[in-house]
Amino acid sequence: RDRYQRRVRDKRKKMKTILLAAFIALSIQLVCSQKNDFLEVYKNVTQVGSNRFTVTVGYRSLVGNGRLTQLKLFDSLPVGLELTGGKLVLKAADPTDEWKSNVYSVEVASDVEFTLENRFQDLTLPPTELTFLKDGVSPYTLSTSSPQVRIELPIPKGFIPLSPVIAFFTLVLPVAAAFVLLGQHSASGKLKQK
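Following my numbering, the numbering of the sequence shown begins with 20 at its first residue and continues without gaps.
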């Protein structure tokens with residue numbers, strides 16, 4: 020009978036342990052999924068010129084106005100890009116059900132090295148971290164995606180249009196050379212006749 024009771028006790032302990040582990044796993048999953056149910060965020064990059072980009076971090080509340088407060092954005096740039104306008108770290112307006120955004124401009128840093136074989140480089144922007152309070156007490160942190168940008172070797176453009184230069188060397192120069200050579204040829208022929 021002692022052996023039977025010990026086996027029953029061991030099975031109960033195993034069952035309690037399994038139930039406790041399942042409860043903890045479920046709680047962690049609920050907490051993680053609730054974070055995404057509070058705030059919708061995105062981060063995208065738009066090219067606005069040769070190696071110049073505009074980065075937009077957008078957000079909106081999914082739980083109604085006034086429930087999410089003290090929103091702060093923390094962003095950074097990878098090596099190779101430098102900030103030319105806007106802010107990377109700021110206390111943003113409280114989220115509402117309308118989209119709000121932080122927009123900043125970046126360009127390729129002057130110390131980025133290119134070669135003719137390696138004219139392009141892909142850079143991944145780090146995710147933006149957004150921290151906020153839900154109902155004034157519960158702190159949360161969300162991260163955006165990590166978009167990529169492709170930068171390329173800037174090839175300088177000349178000030179002289181090439182069409183007239185090409186026309187000169189392919190049409191005018193050969194015709195002028197022909198006239199000069201024909202004139203010399205005919206002059207040397209007249210000398211031989213005398």
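We put the beta carbon where it would ideally sit given N, CA and C, even for glycine.
- Item | Residue span of the beta strand (DSSP E) that contains residue 73, given as start and end | 71 to 80
- Message: Can you give me the C-alpha to C-alpha distance between residue 88 and residue 96, rounded to a whole angstrom?
- Response: 26 Å
- Task: Run the CB neighbour count on residue 84, radius 10 Å, all protein chains shown included, and call it buried at 16 or more, exposed below.
- Result: exposed
- Query: So what does residue 151 bridge to, in DSSP terms?
  - Reply: 159
- Please state if the CB of residue 149 and the CB of residue 60 are separated by a distance shorter than 8 Å. yes
- If you draw a straight line from the alpha carbon of residue 124 to that of residue 165, how long is it in whole angstroms? 16 Å
- Message: With distance defined between alpha-carbon atoms, name the residue in 151, 138, 68, 145 nearest to residue 107.
- Response: 145
- Distance between beta carbons of residue 100 and residue 128, contact taken as under 8 Å: 6 Å
- Query: DSSP three-state call for residue 202: helix, strand or coil?
  - Reply: helix
- Query: Nearest to residue 66 by CA position, among 37, 171, 157, 156, is which residue?
  - Reply: 171
- In the structure shown, what three-state DSSP assignment does residue 103 receive? strand
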